[in-house]
Structure formats: C-alpha cells, structure tokens
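All residue numbers for the sequence shown refer to this note's numbering, where the first residue is 3 and numbers rise by one. Every residue gets a Cβ at the ideal spot worked out from N, C-alpha and C, and that includes glycine.
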Amino acid sequence: MALAKLRDLTRFLLAQDLAPAEQWDSWMENGALEAADKRLGAGVRVCRLKYDAVLVVERYCGPPQLLIAHVVTWLMDHDPERERDGLGHPDIDVDVNGDDTADIEIRIGFYENLDLVRDDAGAIQFNGARWRVESVPVYEPDAVGVGDDKALPTDAPYVRKN
C-alpha cells in the first residue's frame with residue numbers, strides 16, 4: 003500500500019524512544035507514478051509509486067550510530083527489494099547545534115505498489131467494476147503438477163512440506 007513504508011518506519015523509530023515524538027517529523031518528496039496495469043489474480047496493480055521518504059529528528063542528543071543502526075536494520079528487514087529496484091543508500095545530513103544536540107535528516111528512496119481489489123462498495127470505478135485500494139493477497143498452492151506422466155521425476159506433483 004502506498005506510503006506504508008514511510009508510515010511504518012516512522013512508527014518504528016518513534017517506538018524506539020530515541021527522542022520525544024514532538025521532535026520528529028516525516029514526509030514524502032519527489033513522488034513519481036509508474037503505471038503498471040498488471041493483473042494479479044485476486045486484484046490488479048495500477049501503479050508503482052517511487053518517492054523519497056524524509057525523516058527529521060530535531061535536537062537529537064543520543065549517539066547518531068544508534069539512530070543509523072535502527073534505520074539500516076529496519077530497511078534490511080522490511081525492504082529487501084531495494085537492490086533489485088536500484089534504490090540507493092539512504093542519505094543523512096547532520097547539523098550540530100551548540101547545545102550537544104543535532105538536527106538529523108534522513109532521506110530514503112522507496113518503491114511501493116498501489117493495488118486494487120474488487121469491492122462492489124469500492125470508491126474506485128475501473129474497467130466496469132468497483133474497486134478499493136488494498137494489497138492483493140498472494141495465494142501459494144500446496145501442490146503443483148507439472149506434465150502428465152507421474153512416473154517421470156519432473157512430472158510428479160510437488161507437495162510443499164509445512
């Protein structure tokens with residue numbers, strides 16, 4: 003869902019209690035839409051949103067390494083497609099204040115999908131149907147058959163072991 007990564011990273015950093023909530027701000031810049039029109043079975047991907055997430059903490063008095071480690075490890079856990087998508091590393095600017103604090107700005111490029119699922123009460127009219135904005139669920143089969151000769155190893159059904 004669009005802007006979910008910005009929202010989730012902001013919530014994560016606030017939960018780490020690195021600075022009071024009123025010292026934090028976050029927003030999106032440089033947004034660009036890439037049309038997709040991709041059928042996903044249970045829905046459709048209408049576009050991908052590329053944007054820069056900007057996170058700012060003012061008067062930060064903790065070790066900058068702690069803040070940076072939280073951001074980098076969150077990205078590793080929650081945005082593993084960064085390299086595939088060609089997104090660069092986060093940029094960080096630190097302005098040291100005279101009172102042993104710093105204003106820190108972190109800029110991170112993100113891609114997010116905008117998906118629709120059918121909903122008769124949905125707010126979006128598209129291709130003769132009503133839709134709502136929601137991530138399309140991905141259903142994985144428990145068994146897959148390839149071919150029709152079960153005696154051949156490549157034609158035997160694959161059964162996932164849970």
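Residue i vs residue j beta-carbon contact at 8 Å
| i | j | result |
| --- | --- | --- |
| Y113 | L77 | no |
| I126 | L116 | no |
| C49 | D102 | no |
| S28 | L8 | yes |
Three-state class that DSSP yields for residue i in the structure shown
| i | result |
| --- | --- |
| L144 | In the sequence under discussion, the amino acid at residue 144 is Asp, which differs from the Leu named in the question. The answer is coil: DSSP assigns D144 none of H, G, I, E or B. |
| Q67 | helix |
| E24 | helix |
| R9 | helix |
| A125 | coil |
C-alpha gap between residue i and residue j, whole angstroms
| i | j | result |
| --- | --- | --- |
| Y53 | W26 | 19 Å |
| T12 | N129 | 35 Å |
Assumed close pair residue i, residue j - CB separation to whole angstroms, cut-off 8 Å
| i | j | result |
| --- | --- | --- |
| D19 | E60 | Going by Cβ atoms, the distance from D19 to E60 rounds to 16 Å, so no, they are not a contact pair. |
| R138 | L42 | First, the amino acid is wrong: residue 138 is Val here, not Arg. Rounded, the Cβ-Cβ distance is 4 Å, consistent with contact. |
| R132 | D122 | 5 Å |
Restricting to runs no shorter than 4 residues, where is the alpha helix (DSSP H) found entirely within the region 41-90? As for any alpha helix (DSSP H) of minimum length 4 sitting wholly inside the region 41-90, the runs are 66-80, ordered along the chain.
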